[in-house]
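K.L.:
Here it is, the structure, as structure tokens.
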Amino acid sequence: MTTAIDVVADLGEAYGAYRMADDSAMLRLVSSANLACGFHAGDPRVMDATVAACRRAGVSVGAHPGFPDLVGFGRRDMTLTRDEIRTDVLYQVGALSAFTTAHRTAIAHLTAHGRLGNLVVTETEYALGVADAVEQFDPGLIILTQEGELARIARERGLEVGIIGMADRAYLDDGTLVPRRETGAVIHDEDVVAARTVRMVTEGLVESINGKDLPVTCDTVLVHGDSPGAVALATRIRADLEEAGVRIAPVGEILADRSTATPA
């Protein structure tokens, strides 16, 4: 179904003395990176170093704003207004932009982190807040999300959307993710994750937690960099995709190619 895909990981999630993942190894495997912007993880030194590393590796930089929740890693529920979401996202993207400017690169995409990323799929006010921020900061940014409210609103406003396929997350029958607090929400078996990813990309299907085949469109496949064995998993996913004839490229390149492709 898809002959090209972006492979992306959440990086730059260290904070002070705390380290979350092997970013240097992941940068050799991905085509794009979602960089924490200081609210759920990431500090000025981490952001600076990660942007510089992405530029050296030729990896496309994305902003990964989340809830102001360092203790909960941005995965806890927070009740915020549309304008609070807008200003929080603007604040975080602005911080990351300072470092991309310093390193003579740019932010190519934005994807909401953690619980905010879940809520923009189903809750209109949260989706509107993120869309407002992107429209005000840079309407040329690609919004990465799952199909849902944010994707719908962004398309209505003429913003570019890339759909995320979750390589290591279980799906409910309605196409949303199984909440992390529930058993089976995160898939740890490398063979299963790799096979699901290839099927998602080449056939446009993913099996739900209840065994139902769901149609899924994805422009990018996310590998969580903070998961145990993330480097081995990303290595396997990339190798299996390439063996299946899938080209790995940044999402901006993939979407641009599709927009200029001549229908068969």
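Going by numbering that gives the first Met the number 0, the sequence shown opens with residue 0, and the numbers climb by one from there.
Note that CB positions come from ideal geometry on N, CA and C, so glycine has one too.
Please classify ARG179 as buried or exposed, where buried requires at least 16 neighbouring CB atoms within 10 angstroms.
P.N.:
Flag for ARG179 reads exposed.
K.L.:
Compute the beta-carbon to beta-carbon distance between LEU213 and LEU204, rounded to the nearest angstrom, for a pair I have assumed lies under 8 angstroms.
P.N.:
7 angstroms
K.L.:
Is DSSP giving ALA56 helix, strand or coil here?
P.N.:
Note: ALA56 maps to helix in three-state DSSP.
K.L.:
Kindly indicate which three-state DSSP category PRO138 falls into: helix, strand or coil?
P.N.:
coil
K.L.:
Can you tell me whether GLU181 is helix, strand or coil according to DSSP?
P.N.:
coil
K.L.:
Measuring only the C-alpha atoms, how far is VAL58 from VAL7?
P.N.:
9 angstroms
K.L.:
Determine which residues share a DSSP beta bridge with SER31 and list them.
P.N.:
VAL7, SER59
K.L.:
On the premise that PRO64 lies in contact with ASP87, defined as a C-beta separation below 8 angstroms, what is that separation, rounded to the nearest angstrom?
P.N.:
The C-beta separation of ASP87 from PRO64 comes to about 7 angstroms, placing the pair in contact by the 8 angstroms criterion.
K.L.:
With distance defined between alpha-carbon atoms, name the residue in ILE84, GLY61, TYR170, ARG74 nearest to LEU140.
P.N.:
GLY61
K.L.:
In the DSSP assignment, find the unbroken beta strand (DSSP E) run with GLU206 in it and report its ends.
P.N.:
Judged by DSSP secondary structure, GLU206 falls within the beta strand (DSSP E) whose first and last residues are 204–206.
K.L.:
Find the nearest neighbour of ALA255 within the set THR100, ALA107, ALA229, judged by alpha-carbon distance.
P.N.:
ALA107
K.L.:
Just to confirm, is the Cβ distance from GLY183 to ILE208 under 9 angstroms?
P.N.:
In this structure, GLY183 places its C-beta atom within 9 angstroms of the C-beta atom of ILE208.
K.L.:
If you draw a straight line from the alpha carbon of LEU158 to that of PHE66, how long is it in whole angstroms?
P.N.:
23 angstroms
K.L.:
Are ILE162 and GLU181 touching if we call contact CB-CB under 9 angstroms?
P.N.:
Taking 9 angstroms as the Cβ cut-off, ILE162 and GLU181 do not qualify as a contacting pair.
K.L.:
What does DSSP give as the partner residues of THR219 in its beta bridges?
P.N.:
Per the DSSP secondary-structure output, THR219 pairs in a beta bridge with ASP5, ILE163.
K.L.:
Whole angstroms is fine: what's the gap from ASN33's alpha carbon to LEU109's?
P.N.:
8 angstroms
K.L.:
When the distance is taken between beta carbons, is GLY228 closer than 9 angstroms to HIS187?
P.N.:
yes
K.L.:
Relative to the alpha-carbon of PHE136, which residue among VAL177, ALA94, THR144 has its alpha-carbon at the smallest distance?
P.N.:
ALA94
K.L.:
Report all residues from its chain with a CB closer than 8 angstroms to the CB of THR175; omit the five preceding and five following residues, and keep chain order.
P.N.:
ASN117, VAL120, THR121, GLN145, GLY147
K.L.:
Touching or not, the stretch 45–57 and the stretch 95–106, by the rule of three or more beta carbon pairs under 8 angstroms?
P.N.:
With contact defined as three or more Cβ pairs closer than 8 angstroms, the stretch 45–57 and the stretch 95–106 are in contact.
K.L.:
Taking the continuous beta strand (DSSP E) assigned at ILE186, which residues delimit it?
P.N.:
For ILE186, there is no enclosing beta strand (DSSP E), as DSSP marks it with neither H nor E.
K.L.:
What are the start and end residues of the beta strand (DSSP E) that includes LEU213?
P.N.:
212–214
K.L.:
From what residue to what residue does the beta strand (DSSP E) around LEU264 run?
P.N.:
Look at the range of the chain in this structure, 0 to 263, and you will see that residue 264 is not part of it.
K.L.:
Assign PRO249 to buried or exposed, taking buried as 16 or more other Cβ atoms, counted over all protein chains shown, within 10 Å of its Cβ.
P.N.:
buried
K.L.:
Any idea what DSSP makes of ARG103, helix, strand or coil?
P.N.:
coil
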